[in-house]
Structure formats: C-alpha cells, structure tokens
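Everything below concerns the one structure shown next.
2 protein chains.
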Amino acid sequence: MAPSAQILPTSASDEKYANVKWEELGFGFYRTDNMYVATCKYGESFQEGSIVPYADFQISPCSAVLNYGQAYRTEDDRIMLFRPDQNALRLQSGAQRLCMPYPSVDQFVSAVKKVVIANKKWIPPPGRGTLYIRPILFGSGPILGSFPVPEYTFTVFACPVGRYHKDNVGLNLKIEDKFRRAFPSGTGGVKSITNYSPVWITLAEAKAQGFSDVLFLDAATGKNIEELFASNVFIVKGNVVSTPEISGTILPGVTRNSIIELTRDFGYKVKERVVPVEDLLDADEVFCTGTAAIVTTIASVTFKGTKTGFKTGDKTLAAELFATLTDIQMGRVEDKKGWTVELTDATTPGLKL
Amino acid sequence: MAPSAQILPTSASDEKYANVKWEELGFGFYRTDNMYVATCKYGESFQEGSIVPYADFQISPCSAVLNYGQAYRTEDDRIMLFRPDQNALRLQSGAQRLCMPYPSVDQFVSAVKKVVIANKKWIPPPGRGTLYIRPILFGSGPILGSFPVPEYTFTVFACPVGRYHKDNVGLNLKIEDKFRRAFPSGTGGVKSITNYSPVWITLAEAKAQGFSDVLFLDAATGKNIEELFASNVFIVKGNVVSTPEISGTILPGVTRNSIIELTRDFGYKVKERVVPVEDLLDADEVFCTGTAAIVTTIASVTFKGTKTGFKTGDKTLAAELFATLTDIQMGRVEDKKGWTVELTDATTPGLKL
Numbered sequence: 001m002a003p004s005a006q007i008l009p010t011s012a013s014d015e016k017y018a019n020v021k022w023e024e025l026g027f028g029f030y031r032t033d034n035m036y037v038a039t040c041k042y043g044e045s046f047q048e049g050s051i052v053p054y055a056d057f058q059i060s061p062c063s064a065v066l067n068y069g070q071a072y073r074t075e076d077d078r079i080m081l082f083r084p085d086q087n088a089l090r091l092q093s094g095a096q097r098l099c100m101p102y103p104s105v106d107q108f109v110s111a112v113k114k115v116v117i118a119n120k121k122w123i124p125p126p127g128r129g130t131l132y133i134r135p136i137l138f139g140s141g142p143i144l145g146s147f148p149v150p151e152y153t154f155t156v157f158a159c160p161v162g163r164y165h166k167d168n169v170g171l172n173l174k175i176e177d178k179f180r181r182a183f184p185s186g187t188g189g190v191k192s193i194t195n196y197s198p199v200w201i202t203l204a205e206a207k208a209q210g211f212s213d214v215l216f217l218d219a220a221t222g223k224n225i226e227e228l229f230a231s232n233v234f235i236v237k238g239n240v241v242s243t244p245e246i247s248g249t250i251l252p253g254v255t256r257n258s259i260i261e262l263t264r265d266f267g268y269k270v271k272e273r274v275v276p277v278e279d280l281l282d283a284d285e286v287f288c289t290g291t292a293a294i295v296t297t298i299a300s301v302t303f304k305g306t307k308t309g310f311k312t313g314d315k316t317l318a319a320e321l322f323a324t325l326t327d328i329q330m331g332r333v334e335d336k337k338g339w340t341v342e343l344t345d346a347t348t349p350g351l352k353l
Numbered sequence: 001m002a003p004s005a006q007i008l009p010t011s012a013s014d015e016k017y018a019n020v021k022w023e024e025l026g027f028g029f030y031r032t033d034n035m036y037v038a039t040c041k042y043g044e045s046f047q048e049g050s051i052v053p054y055a056d057f058q059i060s061p062c063s064a065v066l067n068y069g070q071a072y073r074t075e076d077d078r079i080m081l082f083r084p085d086q087n088a089l090r091l092q093s094g095a096q097r098l099c100m101p102y103p104s105v106d107q108f109v110s111a112v113k114k115v116v117i118a119n120k121k122w123i124p125p126p127g128r129g130t131l132y133i134r135p136i137l138f139g140s141g142p143i144l145g146s147f148p149v150p151e152y153t154f155t156v157f158a159c160p161v162g163r164y165h166k167d168n169v170g171l172n173l174k175i176e177d178k179f180r181r182a183f184p185s186g187t188g189g190v191k192s193i194t195n196y197s198p199v200w201i202t203l204a205e206a207k208a209q210g211f212s213d214v215l216f217l218d219a220a221t222g223k224n225i226e227e228l229f230a231s232n233v234f235i236v237k238g239n240v241v242s243t244p245e246i247s248g249t250i251l252p253g254v255t256r257n258s259i260i261e262l263t264r265d266f267g268y269k270v271k272e273r274v275v276p277v278e279d280l281l282d283a284d285e286v287f288c289t290g291t292a293a294i295v296t297t298i299a300s301v302t303f304k305g306t307k308t309g310f311k312t313g314d315k316t317l318a319a320e321l322f323a324t325l326t327d328i329q330m331g332r333v334e335d336k337k338g339w340t341v342e343l344t345d346a347t348t349p350g351l352k353l
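Respectively, the protein sequence lines represent chains A and B. Each residue of the first sequence is one higher than the one before, starting from 1 at the first, in UniProt numbering. Each residue of the second sequence is one higher than the one before, starting from 1 at the first, in UniProt numbering.
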C-alpha cells in the first residue's frame with residue numbers, strides 16, 4: 001500500500017517553532033515529529049509505551065475510542081494542559097463500554113505530557129492556536145470474528161490547530177430532522193468513532209447547503225436537542241442557562257462541564273435537563289462548547305426550513321465565557337479551579353523540558 | 001509500534017495446500033500470503049490496485065465498511081465463488097451511506113478473484129471449510145476533523161475458516177432486552193464496523209452466561225426481532241416461513257436472500273415482515289443465515305429468563321436448506337440460479353490459475 005501520510009515540513013532540530021505558517025493555521029492535519037505508542041494483549045494490562053517518530057499505524061481493521069485534549073503556550077512561554085485527568089477518565093469509561101482494556105489515569109496523563117514535550121516546537125505561539133492532542137485506543141490485533149480482539153493499542157499524537165469553526169460571527173446550524181446521532185443503549189455517551197461516521201452524511205449535506213454544522217435531535221422522540229456533530233450545546237433565556245442532561249446519548253464534554261461551573265460562578269442558574277426544540281427556538285442566546293470549539297456563539301438555527309436568529313457579539317454570555325475560559329487555559333489569570341497542569345521539570349519527572 | 005500480526009506458518013511454494021491442520025480448522029484468523037490493495041483520493045475514483053504480500057495496514061484512525069464473501073474448493077477441485085456481485089453491490093450501498101467512494105462491481109469481483117488465485121493453496125479441502133474473503137473499504141488518509149477524509153483504501157484479504165458456530169446441535173440464543181443493535185436512520189442496514197463494536201458488550205455478556213449468540217430487538221419498540229450479532233434470523237410455523245423485513249435496521253444478507261428463494265422453491269410461503277417476539281416464541285423451528293453461518297439451527301431462545309426450545313436435527317427445514325445451499329456452493333449439483341462463479345482461465349482473464 002502506498003504511504004498515505006501527508007508529508008509536511010518538519011522542524012529542524014534547533015528551532016523554537018516548527019516550520020509552520022502560524023498565521024494561516026486552520027483546523028486541519030499536520031504531521032508532527034513524535035507520537036506515543038503502547039500496546040496491550042487481550043487479558044493483560046497496558047505496560048508503559050514509548051515515544052516514536054510519527055508514522056501511520058500498522059493495524060488490523062479496528063474499533064477506536066477517541067479522546068481529545070490540548071496543550072497551550074502561555075504568553076510567558078509556559079506550557080499548559082487543560083484537565084488531562086478528565087480526558088483520561090472519559091477514555092476509561094469509553095473503553096469499558098466497548099469492552100477494551102485501558103491505561104491508568106497516570107499513564108494517560110504521562111503519555112500526553114511526553115507527546116507534548118516531544119513535540120513542543122509544534123505548540124503554536126499564544127493566540128495562534130493550540131497543540132491538539134489525540135489519544136486513541138483501538139483493537140490492533142488480527143481477528144476475523146468480532147470479539148475479543150487479541151491485542152489493543154493505545155497511542156497519542158498531536159497536531160497544532162486553530163479554531164474549529166471559522167465562523168467567528170456565529171454559527172448557522174441546521175437542525176437535523178431525519179438522521180439521529182445516537183440512541184438509548186448506544187455509544188452516544190462515549191467518545192467513539194461509531195458516533196461520527198454514521199452522521200457524516202448529514203454534515204456533508206448541511207455543509208453543501210451552506211450551514212456551519214448540524215444540531216441533532218434525540219432518537220427516541222425527535223423532539224429534544226442533543227448536540228452538534230462534535231460539541232455540546234447551551235441555551236440562554238434570561239438568567240437561566242440550559243443544556244441537555246447526560247443520559248447516555250450525548251458526550252459528557254470536559255469543556256461542557258467546565259462551562260457549567262463558570263456559568264454558575266457568573267450568577268446564572270444552570271439546568272441540565274431535557275431541552276425541547278421549542279425552548280431552543282425561544283432562547284435569547286445559544287452557544288456550543290468543546291475542546292476544539294472552546295465556546296462558540298450560534299447565530300441561527302434552521303428547523304424544517306425556518307431560520308431563527310439569536311444574540312451574537314461581544315456582549316454575549318458566550319463571549320464572556322470564552323474570555324474567562326481561555327484566560328485560565330492560557331495562564332493569563334490565576335487558575336483557582338485547579339484545571340490546568342503546567343509542564344515543568346517538577347511536574348514531569350524523568351522528562352526534560 | 002510493535003508488529004501486531006500473528007505470524008503463522010505460510011506455505012512453501014510448491015505445495016498444493018498451505019501448512020494448516022485442516023481438520024482442526026475453526027473460525028479464527030490465519031495469516032495468508034497475499035492481499036489486494038487499491039487506494040483512492042477524495043473526489044477521485046478507484047484505479048486498479050494490486051496484489052501485495054499480506055501485511056497489516058498502514059492507516060490513520062478509520063471508518064470501515066466490511067463485506068464478506070467466500071471461495072469454495074469442490075470435490076473435483078474446481079474453485080467457486082458465491083454471488084460476489086451481490087457483495088459488491090452491498091459494499092457500494094454501504095459506501096454511499098458512509099459518504100465514501102467505492103470500486104465498481106467489476107473491480108470488486110476482479111479483486112476477489114485475484115486474492116483467491118493468489119491464495120489458492122489456502123482454500124480448504126472440500127468439507128473442511130472455505131476461504132473467507134474480507135473486502136474492506138476505509139478512510140486511510142490523515143484527517144483531524146471528521147469529514148471529508150482525503151484518501152480511502154479498498155483492500156481484500158482472505159483466510160481459511162471452518163464453521164462460524166461450533167454448536168452443531170443448534171444454537172442457544174439470548175434475546176437481548178437492554179442493548180439495541182441498530183436504530184432507524186442509523187447504519188444497521190449496511191455492513192459497517194459501527195454495527196459491531198457497540199454491541200460487543202452484549203455478546204461478551206451472553207457468551208459468559210453460556211449462550212451461543214445474541215438476538216437483538218428493534219430499537220424503536222423493543223418488541224420485534226431483528227437479527228443475531230452477525231446473521232439474519234428466520235422462523236418456521238407450519239408452511240409459513242417469516243423473516244424480519246429489510247427496513248434499514250437489519251443487514252440485507254446475501255445468504256438471507258438466497259435462502260428466501262430456496263425456501264419458496266421448497267413450497268413454503270415466505271413472509272418478509274415485522275416479526276414480534278411472540279411469533280418467534282410460538283415458532284416450530286428457528287434458524288439463522290449468513291456467509292459464515294450458512295444456515296444454522298437455533299435450538300432455543302431465552303427471553304427475560306425463560307427458555308423456549310425449537311425443533312432441531314436432520315428433519316428440519318434448516319438442515320434441508322443447508323444441504324441444498326452447500327450442494328450449490330460446492331458444485332455438487334447444477335447451479336440453476338446462476339449464483340456461483342467458477343474460477344477458470346476463461347472467467348479470470350489475465351489471471352493464471
């Protein structure tokens with residue numbers, strides 16, 4: 001098979017930054033220098049893996065659990081991670097749902113740190129983006145039937161990214177009225193590839209129609225909002241902020257969880273509940289959250305051909321939350337939450353920054 | 001990453017058969033000699049690929065469409081395929097559902113033939129099993145977001161197998177009452193990995209409880225039977241044979257389709273319809289069908305803790321169908337259906353048997 005990896009310029013060894021046009025950085029794939037790989041036999045536990053040069057995987061047809069995180073370079077040149085332990089826990093719950101062994105939280109966080117350090121020249125300058133970190137767990141051993149897979153691989157790679165949504169003035173969503181993303185007893189509540197490829201068709205159609213993204217309704221009734229293709233949704237009405245409750249069909253986003261806490265700090269009442277489409281259409285303001293989306297304003301939704309607009313701009317709660325969250329992530333304000341992990345020689349024993 | 005492929009003895013070049021203990025052949029993975037690989041860029045069409053030595057894939061995290069077929073060695077040493085065109089069409093419909101480009105029917109069938117010829121020493125002796133053929137289509141290009149994938153790979157590999165279910169006296173199924181396999185607007189109607197990993201957990205639990213396999217109920221109502229983990233289901237009551245209708249949530253099995261036709265030839269009335277659990281429990285006989293399962297009798301189902309038994313043995317319709325279908329597949333009787341494709345120098349232009 002022909003090599004499939006896109007070969008992009010990698011850094012010379014004595015540069016502070018990799019050879020990337022940071023000002024043009026979008027949300028796409030760049031090949032970086034190193035990745036982390038560990039393997040695990042069925043019935044065994046993960047042993048410590050190692051950093052290896054980035055390469056395509058050698059795998060058998062696989063199932064994957066995907067979990068995302070990011071590293072940030074602060075203005076005073078410190079390197080920060082945001083809640084990597086929460087991503088580790090989510091990978092564990094996803095692995096349990098899909099009957100896979102999984103690394104410990106410590107191993108997960110250590111692997112993420114190693115990848116960041118091994119690729120530290122790829123962390124964008126402050127304000128230019130983040131180093132997106134993708135830990136993956138998949139069945140890598142050969143198997144003809146479906147279960148159990150004899151070997152699993154846990155790997156982490158990283159890639160510099162800009163904003164996920166380019167529409168800074170607010171997203172225009174299509175409320176998907178035919179295809180559902182997840183159903184009760186399915187895998188909608190874990191970060192798994194099984195949640196994405198089945199709804200590519202809806203995202204492709206919506207983008208062809210000029211929409212920014214898709215908002216899915218619940219499969220059981222088709223009446224309540226669930227989430228976007230890859231982010232959680234919040235609606236604001238007066239002093240009350242509502243977001244779909246965690247019921248097994250939406251992803252328990254780490255950013256979602258952080259935003260709920262910050263919104264409460266701002267004095268709003270936050271309700272995790274069933275959110276009917278009607279409540280969304282009646283909202284003052286709507287936004288979405290995610291590792292990649294951070295906090296992104298939604299300017300409009302279109303449901304059954306009718307478009308409804310919402311408040312956008314600098315005076316929105318979304319703008320306030322975005323500023324507060326990124327201030328914490330970028331180390332511009334003190335982190336009173338204990339959400340950030342600074343990579344120092346002290347916090348990364350055995351690793352040299 | 002450490003090599004993950006299981007290295008099993010391959011054949012010396014002058015043997016008729018590979019170095020396999022055919023009498024011990026079960027349904028598991030063996031590494032054979034060669035495979036077929038073609039790649040396709042996004043927005044382009046598949047060009048002809050090539051036969052290469054079997055190796056693990058080099059891929060990025062991927063989504064896959066899986067489609068199965070088999071090659072048989074007849075008693076007079078001819079090599080037969082069973083309805084490869086139908087598998088090609090099913091791969092195409094799966095690719096459309098998952099927004100992937102796909103090979104033409106001719107390319108698909110040609111690729112299958114090439115793999116069989118390149119691995120012909122791995123086709124089991126008559127009665128010992130079949131050469132199981134796995135064509136796979138997956139997004140192989142690197143991408144950080146979810147859509148579109150910049151490159152796709154179509155590959156075919158093959159592996160000798162015995163029977164899928166070892167329970168020759170009949171399967172004992174658990175009717176799964178909590179997890180669903182597929183839901184309306186999902187991918188249950190195409191052969192995709194997204195249909196399997198979400199229900200590994202149920203299969204693992206059922207097997208741990210001593211069951212042979214799982215029978216799933218529909219997600220919308222939980223009242224009607226759909227299919228087993230990887231095969232279709234039929235119920236017999238008097239002179240009427242019923243099987244769940246194709247509605248987008250069950251796989252349109254090629255064996256299912258063939259069995260419907262043979263059953264009608266036998267003089268039974270066949271109904272493709274909604275099949276409530278109650279009708280199953282009231283049946284005289286139950287069986288499942290699939291490329292790997294062929295036709296397998298179901299001895300019992302257990303629903304909410306209550307076990308119901310069905311007719312088994314040589315005098316069942318399942319036994320009669322199994323004999324007739326395998327007679328056709330193995331070339332023991334004339335194929336009046338036009339289902340089999342014999343591999344000869346005439347039917348495989350450019351390939352030398």
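C-beta: ideal position from N, C-alpha, C; glycine also.
Item: At a CB distance below 9 Å, what residues from the segment 285-298 of chain A approach chain B? Give them in sequence order.; Value: A292
Item: If you follow the alpha helix (DSSP H) that A:E245 is part of, which residue opens it and which one closes it?; Value: Here A:E245 belongs to no alpha helix (DSSP H), and DSSP marks it neither H nor E.
Item: Would DSSP call B:S197 helix, strand or coil?; Value: helix
Item: I'd like to check one pair, A:K178 with B:S185: are the Cβ atoms closer than 8 Å?; Value: yes
Item: Label A:Q209 either buried or exposed according to how many other C-beta atoms from any shown protein chain fall within 10 Å of its C-beta, with 16 as the threshold for buried.; Value: exposed
Item: Could you tell me the boundaries of the alpha helix (DSSP H) in which B:K113 lies?; Value: 105-118
Item: With 8 Å as the threshold, decide whether the Cβ of B:P124 is near any Cβ in chain A.; Value: no
Item: Would you say B:T74 and B:P124 are within 8 Å of each other, going by their C-beta atoms?; Value: no
Item: Using beta carbons (cut-off 8 Å, strictly below), is B:I225 in contact with chain A?; Value: no
Item: Would B:T291 pass as a contact of B:T255 if the rule is Cβ separation under 8 Å?; Value: yes
Item: In this structure, how does DSSP classify B:F322 when only helix, strand and coil are distinguished?; Value: helix
Item: Taking the alpha-carbon positions, what's the A:Y152 to A:D85 distance?; Value: 21 Å
Item: Let me know the secondary structure DSSP gives A:K255 once reduced to three states.; Value: It should be pointed out that residue 255 of chain A corresponds to Thr in this sequence rather than to Lys. The answer is helix: DSSP assigns A:T255 an H, G or I state.
Item: Count Cβ pairs between the segment 291-305 of chain A and the segment 316-332 of chain A that sit closer than 8 Å; are there 3 or more?; Value: yes
Item: CB-CB under 7 Å to A:F27, same chain, minus the five flanking residues each way: which ones, in chain order?; Value: Caution is warranted here: a pLDDT of 49 is assigned to A:F27, below 50, making its placement in the model unreliable, and the coordinate value is therefore given only provisionally. Around A:F27: V161, G162, R163, Y164, A292.
Item: Go to B:S300, then tell me how far its beta strand (DSSP E) extends in each direction, as first and last residue.; Value: 294-303
Item: Count the other CB atoms within 10 Å of the CB of A:A346; is the residue buried (16 or more) or exposed (fewer)?; Value: exposed
Item: At 8 Å on the CB atoms, spell out the chain B contacts of A:I201, in chain order.; Value: R97, L98, C99
Item: Taking 8 Å as the CB-CB cut-off, is B:T187 touching chain C?; Value: The structure shown contains no chain C; the protein chains it does contain are A and B.
Item: Between the alpha carbons of A:E337 and B:P252, how many angstroms are there, rounded?; Value: Residue identity differs from the one stated: residue 337 of chain A is Lys in this sequence, not Glu. Straight-line Cα distance between these residues: approximately 53 Å.
Item: Which one or two residues does DSSP pair with B:M80 in a beta bridge?; Value: B:Y72, B:E342
Item: Would you say A:V211 and A:N172 are within 8 Å of each other, going by their C-beta atoms?; Value: With the sequence shown as reference, residue 211 of chain A is identified as Phe, and Val is not the correct amino acid for it. Yes, these two residues count as a Cβ contact at 8 Å.
Item: Shortest alpha-carbon distance to B:L227 belongs to which of B:P101, B:V199, B:G69?; Value: A small correction: the amino acid at residue 227 of chain B is Glu; Leu does not occupy that position in the sequence shown. For the residues B:P101, B:V199, B:G69, the minimum Cα distance to B:E227 belongs to B:V199.
Item: Could you compute how far the alpha carbon of A:C288 sits from the alpha carbon of A:G129?; Value: 18 Å
Item: State yes or no: is the C-beta of A:V105 within less than 8 Å of the C-beta of A:A158?; Value: no
Item: Using a threshold of 7 Å, is the CB atom of B:E278 nearer than that to any non-hydrogen atom of the ligand ZN?; Value: Among the ligands in the structure shown, none appear at all, so the ligand ZN cannot be discussed.
Item: Take B:G248 as the anchor and find which of B:T344, B:K121, B:Q107, B:A182 has the nearest alpha-carbon.; Value: B:A182
Item: What does A:R180 reach in chain B if we use C-beta pairs closer than 8 Å?; Value: F183, P184, S185, G186
Item: In chain B, which residues lie less than 9 Å from A:P244 when you measure between Cβ atoms?; Value: Ordered by position in chain B, no residue passes the 9 Å Cβ test against A:P244, which lies about 18 Å from the chain.
Item: Does chain A have any CB closer than 8 Å to the CB of B:T194?; Value: yes
Item: Indicate the three-state DSSP secondary structure (helix, strand or coil) for A:L280 in the structure shown.; Value: helix
Item: Suppose the cutoff is 7 Å on Cβ atoms and the five residues either side in sequence are ignored; what does the same chain contact list for A:D335 look like?; Value: I328
Item: Tell me whether B:M265 is buried or exposed, calling it buried when 16 or more other Cβ atoms sit within 10 Å of its Cβ.; Value: Note on identity: in this sequence residue 265 of chain B is Asp, with Met being the wrong assignment. So B:D265 ends up on the exposed side.
Item: Could you give the residue range of the beta strand (DSSP E) that holds B:Y152?; Value: 151-161
Item: Going along chain A in order, which residues have a C-beta closer than 8 Å to the C-beta of B:A206?; Value: By Cβ distance, chain A contributes nothing, its closest Cβ being about 11 Å from B:A206, past 8 Å.
Item: Alpha carbon to alpha carbon, how far is A:I260 from A:S197?; Value: 29 Å
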